[in-house]
Amino acid sequence: MLKKLISGVTASLLALSLIGCSQDDDTSFEAEERVVNVYSARHYDSDKAMYERFEAETGIRVRTRQSGASQLLETMRAEGGESPADLVIAADAGTLWQFQEDGLLQPIAADRLAGDLPALAADDASWIGLSKRLRVIVVANDVPEDAIRNYGDLADPRWEGEICVRSSRNIYNLSLLGDLIDRMGPEAAEEWAAAVKGNFARDPQGGDTDQIRAVAAGACNIAIVNHYYWHRLANSASEDDREVTSATRIIFPDQSTGGTHRNVTGIGLAASSPNTEEALELIDFLLSTEGQGLLVVETGEIPLDPQADSMAGLDDARNAATNSAPLAVYGRNQAEAREIFDRVGWD
Amino acid sequence: MSEVTGTAASAEDRSSLRLLTHHWRNMPALAAMLVLVLPLMAVVLAALNGGGDGWRNVVETKLFGSTLTTLGLLALSAAMMTLTAVPAAWLVTQYRFPGRGLFEWALILPLAAPAYVLAFAYKDLLNVAGPVQSAVRDLTGLGARDYWFPDIASLPGAAFVLSAALFPYVYLGARSSFVNQSVCTLDAARLLGAGSKRRFLDVALPAARPAIAAGAALALMEVAADYGATSHLGVESLSVALIVNWEGYNDPGPAARLSLVLLTLVFGLFYLERLLRGRAGVQATSSRWQQVKRAPLSRWPALGAMLLCGTLVLLGFILPMARLVWIAVETQIVPDDFTSATRNSLLLAGMGTAACAILAIVTGFAMRRGGQLGRASRFAVSSGYAVPGSVLVLGAFAIIAAAQHVGLIDGRTVVVSLVGLVWVYASRFTAVGANAVDAALARAPASFGHAARSLGAGPVKRIARVELPIALSGLITGTLIMFVEILKELPATLLLQPFDWETLAVRAYNYASDERLASATLPSLLITAVGLVPVIILSRALSLSRPGRH
Amino acid sequence: MVTELNDIRLEAVGRRYGGHAIVDAVDLTLHPGELTAILGASGAGKSTLLRLIAGLEPVSSGAIRHGGTLWSDTRHTVPAEHRRVGLVFQDFALFPHLSAARNVAFGLAHLDRSEARKLSLSWLDRLGLSARAEAYPHELSGGEQQRVAIARALAPSPVALLMDEPFSGLDPERRDGVRETTLGLIAETGVPALLVTHQPEEALRHADKVAVMSGGKLLQCAAPHDAYLRPSDPVVAAALGPVSLLGMFPVSDGRVDTPLGPLAVPPSIQDGRVTMGLREGALSVDAGGTIEARIVGAALPGAVFRVPVSVGDLGLEAVLQDEEAALVAGATIALRLNPRRLLWFQS
């Protein structure tokens, strides 16, 4: 019996290896096919539908490499000039800024695009925004109206033991603090961070959704999260999820201290892109109304095109008063933000 | 890791390094060792190169804390795993109780699911908004801040999750020793007045210690290298710190240096075990095997045994999987098209396992031969296993870059990525197969080889007809484990996956780290389902194994 | 610890396994100060009998008693760990992770540490192993390991000592020496001892009683002299030494016609049929003998010179008194029969 097992396993392994080798023969037949290679730090099932729609309309095959942003960064660095990447998609301008700083991107020529270049973009147009995301404050329903109006209010010692927020290592928090450094200056920003840290209900753990759930469960009364996490719960098929949102509400920090922090999901053109034509066509598609709709309808982000479809219940978000600093600021201040977080002990 | 017990080294084994490289028969082993060690060497070079600001900051803020954290994880997991899995193995091999036959193989089920999948499930189950704490609040009427509940997102929590995922390694080590122990020594102990407790503690356990230590060593290396589960639970071990700092400061130098610290810890563990063993022998003085006659347990001990084994299987497999299934059903997740991801996962695992198997046989033989070659092989094999996958991939990148630089390859084509990834798998996982081969050859008394020699069999024939079949039988279990481990592997696959070759593991991780646990459930369950197949084959082999043949 | 030594009695002890009787209605008594040897072919049930006495297996029928204490019967079995029976295994079964001294001290857990060590060392000394007290089993030679095993079994002052072919694992040069030492030591202690062996010389030389088992049954238990000269069964005869069996012949009126001439049978043999057994030395070359035989081959030198002969059709062996006698193959000689070396078995 053992002998049979050995032969069986060995045979399967050999077979698998052979199939594996023949696999890439398959992929070398690209000569006739048009492709575009996307390095995506975004992972949504709806993206697949989006790319398929693009393929159906243009005949260009979209090949994706999905990974974390920093892994993609390392990969592109290691690949250097031979990188097959055409486009990089990432959530958060701060991430894209890192790609830009490393010289991994090239400017997107506005004249080669079908439509206009969005205003929300890198200063040299090496990456552009595709959709908006706001970092908001979620509170339990029994927090009084108007008790919290903006980010500064979170530093108030009356909220001691009330705040749930994720780790400072996450790019969303880094970009937020980068924004605040720009608004208030580094010393004030550090004071703010220290005060908020003093108001923590618990050590940072989990993601944004976990913070919202913690508020609903009563472990804390305030959370700092990206808006679409709340909206996804509100639109979830699971009743438990919807109950979480009915126990909480969103506060959009107002203009008195500079507005709600806005960020983007953006796309950048790789410096050594081998399929630039096809890449630009994909960018066009993603900026079109149809593409925008497919991009955001399931994710809850805010489309840049006002006519595009979006998730239900996003009106308040779409109308929120947001800050106006150039997105590059988030990236530029990232290193300092990290150091401030480390110094105040916000892990 | 098994140890050579006092076999006299022949003159050729004691030869100096120069003779080593000249002796053609050693070539395969040397080539294998080079393959295994090259990525690590590349990392060391990177560590010596890099540093600078990034490193200074890391030393000030992270180094001490993360090292302590890793040590704490190792200590806690070691305790949790040995205190539960070893008694379970003893009960299952020596006694009869209801469900014993089921538990014998069910106790290795946790091997099918990766630690990070368990972390996803437990974090969801035990966090403040999860079903357990909600039930506590419903039942007691207390508010979320009014009671104390152990926090799963903590060092003990991470140790618990890792122990639940990895205890089968310790179980298998203990079990193989208990099954193979000469029944006569246990009978002798009985007649000298030793009750069942003393027989276990003073006779079976000490003799089993090397096998248990080998199992624990494998498990603890996984604990040290783990990234997915540990980071998901918010614990910053050395392994997490090095990746975070890679991300954070965008410079491989600090990461490479942190990995060296990690390696020192792990090798320290390894040599500590060897030291503790001292002079005591392991091989039983007899080679006559008697079938273990299992004694029946009376009511309360039987209940205790069932409780222990049942809890292990529940915590290690049933509970987390049930939770994931429940989430998938409750959120009405629509199954996406997984065929390509599944195919990619199987192909990569198949190729990786084939490479590992070949290297395992070559190095396993070298390890058994002892002497300088044996020691060098052991080092090469263990070093790959100790290094986290993400750090090995760093080495692979460096090698690829160098190859590109000298014009050997055109760039990171699919083939190059595949070769690189399979190379990383080989570096990382050959240890499992090599140790299995080593152990199998060790159990065969040296006299078999000598007998073959005296019957006129030349070295090749001896290897082919006598030693290779023995090695292969040991390799079977090693191969199955390697296949499952490669399937579950995350960090290296994440970084080095060839274009359009997304695997199930990468999918699951991307979703979960994006807080889309519901979407992560299906790929996670699929990985586990695929991983179940080799685990079930392994478990049937376990049930059929007879002492002296296993 | 003073041990009161008592008889160990097996009364119609049987052991069935899977419908097959491995031990069948055995009656046996072990007396203090006595060494009983059990002989028999493999599978005769000897080792199982040991395990029953040791308490490693329960009896299927009958009872085992130690003095007035019931050890085993069909309803109840005193566990092995409570019987204080010493057992020496064929493969020594030393604990590989303990030194020789520690091995011997294993059964002395009821003493305090230093007492146990002292006793252990004194036993090793009695067996000539003081110099090897700290060595581990794998560092000891076969003979040394066996002596450690015996010391280990004797140190706790057992009430009985069982030995399962303890000397067969030793190489022949060492065997006699080790056997002398250990059996002498055992006799000193006065412990009732049972020795399972497949070597008749061992049994006949050292044992006070010799027992032969076959097919699970105990055929005969008697002093060596008696068993050898008056075996109850051909199997017993064959177990104790070489024997030529001839049979069967009809008996009438106390006389039987055999190929060796008409012979008288002992009074215990009734009319009917009888099998005749010739021990070594039953026939000797003697000019005054009454049996006519023909020399078939050359004389075989040894402690006693033997020459193959034929009587009629029978191939037999005769003892040669005169070592230098010239024998010619084919020549006729006369043989004398020694009736004390004749065995008679009623069929």
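Residue numbers (the working numbering), protein chains in the order written: chain A, 625 to 971; chain B, 8 to 557; chain C, 22 to 368. Don't be surprised by glycine CBs; every beta carbon is placed ideally from N, CA and C.
Quiz prompt | Proximal chain A residues relative to B/Thr77, where beta-carbon distance stays under 7 Å | solution = Within the second sequence, the letter at position 70 stands for residue 77 of chain B. In chain order: nothing, as chain A lies at least about 17 Å away.
Exercise. Report the three-state DSSP secondary structure of A/Met935 (helix, strand or coil).
Key: Locating residue 935 of chain A in the first sequence gives position 311, where the first residue counts as 1. Residue state, collapsed to three classes: coil.
Quiz prompt | Cβ pair count under 8 Å reaching 3, the segment 215-235 of chain B against the segment 388-407 of chain B | solution = yes
Exercise. Give the residues of chain B in contact with A/Gln695, contact being defined as C-beta atoms less than 7 Å apart.
Key: For this step, residue 695 of chain A is matched to residue 71 along the first sequence. Within chain B, the residues near A/Gln695 are Leu501, Leu502.
Quiz prompt | Simplified DSSP assignment, three categories, for B/Pro157 | solution = Within the second sequence, the letter at position 150 stands for residue 157 of chain B. Coil at B/Pro157, not helix or strand.
Quiz item: Is it the case that the Cβ atoms of B/Val168 and B/Ala126 are separated by a distance below 8 Å?
Solution: Against the second sequence, residue 168 of chain B aligns to sequence position 161. Against the second sequence, residue 126 of chain B aligns to sequence position 119. Yes, Cβ-Cβ distance for B/Val168 and B/Ala126 is below 8 Å.
Quiz prompt | chain C contact residues for B/Ala181, given Cβ-Cβ distances below 8 Å | solution = Position 174 of the second sequence, counting from 1, holds the residue named residue 181 of chain B. Those do not exist, as B/Ala181 stays about 15 Å from chain C at its closest Cβ, beyond 8 Å.
Quiz item: What in chain A is Cβ-close to B/Asp233, meaning under 8 Å?
Solution: As a working note, residue 233 of chain B is residue 226 in the second sequence. Result: empty, since nearest Cβ-Cβ is about 16 Å, beyond 8 Å.
Quiz prompt | Cβ neighbour criterion (16 or more within 10 Å) applied to B/Ser424 | solution = As a working note, residue 424 of chain B is residue 417 in the second sequence. Burial state of B/Ser424 is buried, judged by a 10 Å Cβ sphere holding 16 or more other Cβ atoms.
Quiz item: How close, in whole Å, do the beta carbons of C/Ala176 and C/Val109 come, if the pair is a contact with beta carbons under 8 Å?
Solution: Residue 176 of chain C sits at position 155 when you count from the first residue of the third sequence. Residue 109 of chain C sits at position 88 when you count from the first residue of the third sequence. Contact flag wrong, Cβ pair sits at about 12 Å.
Self-check item: Three-state secondary structure (DSSP) of A/Gln690
Solution: Numbered from its first residue, the first sequence carries residue 690 of chain A at position 66. If DSSP states are grouped into helix, strand and coil, A/Gln690 belongs with the strands.
Quiz item: Per DSSP, what kind of secondary structure is A/Phe824 in: helix, strand or coil?
Solution: Here residue 824 of chain A refers to the residue found at position 200 when the first sequence is read from its first residue. A/Phe824: strand per DSSP, three-state reduction.
Quiz item: Would A/Arg782 be called buried (16 or more neighbouring beta carbons within 10 Å of its own) or exposed?
Solution: Sequence index remark: in the first sequence, residue 782 of chain A carries index 158 (1-based). It is exposed - the Cβ of A/Arg782 has fewer than 16 other Cβ atoms within 10 Å.
Self-check item: Below-8 Å beta-carbon distance, B/Thr89 vs any chain C residue
Solution: Stepping through the second sequence from its first residue, residue 89 of chain B is reached at position 82. It does not; no Cβ of chain C falls within 8 Å.
Quiz item: What are the start and end residues of the alpha helix (DSSP H) that includes C/Pro422?
Solution: Outside the displayed range of chain C (22 to 368) lies residue 422 of chain C, so it cannot be described from this structure.
Exercise. Compute the Euclidean distance between the alpha carbons of C/Ala319 and C/Pro329, then round it to the nearest angstrom.
Key: Taking the first residue of the third sequence as 1, we reach residue 319 of chain C at position 298. Taking the first residue of the third sequence as 1, we reach residue 329 of chain C at position 308. C/Ala319 and C/Pro329: Cα-Cα distance of roughly 7 Å.
Quiz item: For the beta strand (DSSP E) that contains C/Glu301, what are its first and last residues?
Solution: For the purposes of this step, residue 301 of chain C is taken as residue 280 along the third sequence, with counting starting at 1. No beta strand (DSSP E) contains C/Glu301, which DSSP labels as neither H nor E.
Self-check item: Unbroken stretches of the alpha helix (DSSP H), 4 residues or longer, contained in the segment 815-862 of chain A
Solution: 832-841, 851-858
Self-check item: Option in B/Asp194, B/Ala226, B/Gln504, B/Ser266 with minimal Cα separation from B/Ser244
Solution: Reading the second sequence from its first residue, position 237 is the one you call residue 244 of chain B. Out of B/Asp194, B/Ala226, B/Gln504, B/Ser266, B/Ser266 has the C-alpha closest to the C-alpha of B/Ser244.
Quiz item: Taking Cβ to Cβ, would you say A/Asn859 is nearer than 8 Å to A/Asp832?
Solution: As a first step, residue 859 of chain A is located in the first sequence; it is residue number 235 there, counting from the start. As a first step, residue 832 of chain A is located in the first sequence; it is residue number 208 there, counting from the start. The answer is no: Cβ separation not under 8 Å.
Practice problem: Closer than 7 Å by beta-carbon distance: list the chain C residues that pair up with B/Ala201, in chain order. | Solution: Residue numbering aside, residue 201 of chain B sits at position 194 when the second sequence is read from its first letter. Result: Glu102.
Quiz item: Is it right to say B/Pro530 is buried, meaning 16 or more other beta carbons lie within 10 angstroms of its own, or is it exposed?
Solution: Counted from its first residue, the second sequence places residue 530 of chain B at position 523. Label assigned to B/Pro530: buried.
Quiz item: Given a threshold of 16 other Cβ atoms within 10 Å of its Cβ, counted over all protein chains shown, does C/Ser143 qualify as buried or as exposed?
Solution: Position 122 of the third sequence, counted from the start, is the residue given in the question as residue 143 of chain C. C/Ser143 should be labelled exposed.
Self-check item: Span separating the alpha-carbon of C/Pro221 from that of B/Pro541
Solution: Within the third sequence, numbered from 1, the residue matching residue 221 of chain C stands at position 200. Within the second sequence, numbered from 1, the residue matching residue 541 of chain B stands at position 534. Taking the straight line from one Cα to the other gives about 55 Å.
Self-check item: Nearest candidate by alpha-carbon position, reference C/Ile290, set C/Ala314, C/Ala339, C/Leu129, C/Trp365
Solution: Within the third sequence, the letter at position 269 stands for residue 290 of chain C. Ranking C/Ala314, C/Ala339, C/Leu129, C/Trp365 by Cα distance to C/Ile290 puts C/Trp365 first.
Practice problem: Would you mind telling me which residues of chain C sit closer than 7 Å to B/Val210, beta carbon to beta carbon, in chain order? | Solution: Taking the second sequence and counting its residues from 1, one reaches residue 210 of chain B at position 203. Here the neighbours are Phe116.
Self-check item: Beta-carbon proximity of A/Ala717 to A/Leu951, cut-off 8 Å
Solution: One-based indexing of the first sequence puts residue 717 of chain A at position 93. One-based indexing of the first sequence puts residue 951 of chain A at position 327. Result yes, Cβ atoms of A/Ala717 and A/Leu951 sit closer than 8 Å.
Quiz item: the segment 840-870 of chain A: which residues have C-beta closer than 9 Å to a C-beta of chain B, in chain order?
Solution: Ala840, Ala841, Gly842, Ala843, Cys844, Tyr853, Arg856, Ser860, Ala861, Ser862, Glu863, Asp864, Asp865, Val868
Quiz item: Which one or two residues does DSSP pair with C/Gly35 in a beta bridge?
Solution: As a working mapping, residue 35 of chain C is identified with position 14 in the third sequence. Looking at the DSSP assignment, C/Gly35 forms a beta bridge with C/Ser82.
Quiz item: Which of helix, strand or coil does DSSP assign to B/Ile543?
Solution: Position 536 of the second sequence holds residue 543 of chain B. Reduced to three states, the DSSP call for B/Ile543 is helix.
Quiz prompt | Endpoints, beta strand (DSSP E) assigned at C/Gly336 | solution = By 1-based counting over the third sequence, the position of residue 336 of chain C is 315. Element bounds for C/Gly336: 335-341.
Exercise. Classify B/Pro303 as helix, strand or coil using the three-state DSSP reduction.
Key: One-based indexing of the second sequence puts residue 303 of chain B at position 296. Of the three classes helix, strand and coil, the one that applies to B/Pro303 here is strand, per DSSP.
Practice problem: Could you list which residues in chain B have their beta carbon closer than 7 Å to that of A/His667, in chain order? | Solution: Residue mapping note: residue 667 of chain A aligns to position 43 of the first sequence, counting from 1. Asn517, Tyr518, Asp521, listed in chain order.
Self-check item: C/Val106 versus B/Ala201 - alpha carbon distance
Solution: Counting from one through the third sequence, the residue named residue 106 of chain C turns up at place 85. Counting from one through the second sequence, the residue named residue 201 of chain B turns up at place 194. Looking at the two C-alpha atoms, the distance is approximately 12 Å.
Exercise. Can you tell me which of the three DSSP states B/Ala49 falls into?
Key: Position 42 of the second sequence holds residue 49 of chain B. Helix.
Practice problem: Mind checking who A/Gln730 pairs with in its DSSP beta bridge? | Solution: Your numbering for residue 730 of chain A matches position 106 in the first sequence. DSSP lists A/Leu893 as partners of A/Gln730.
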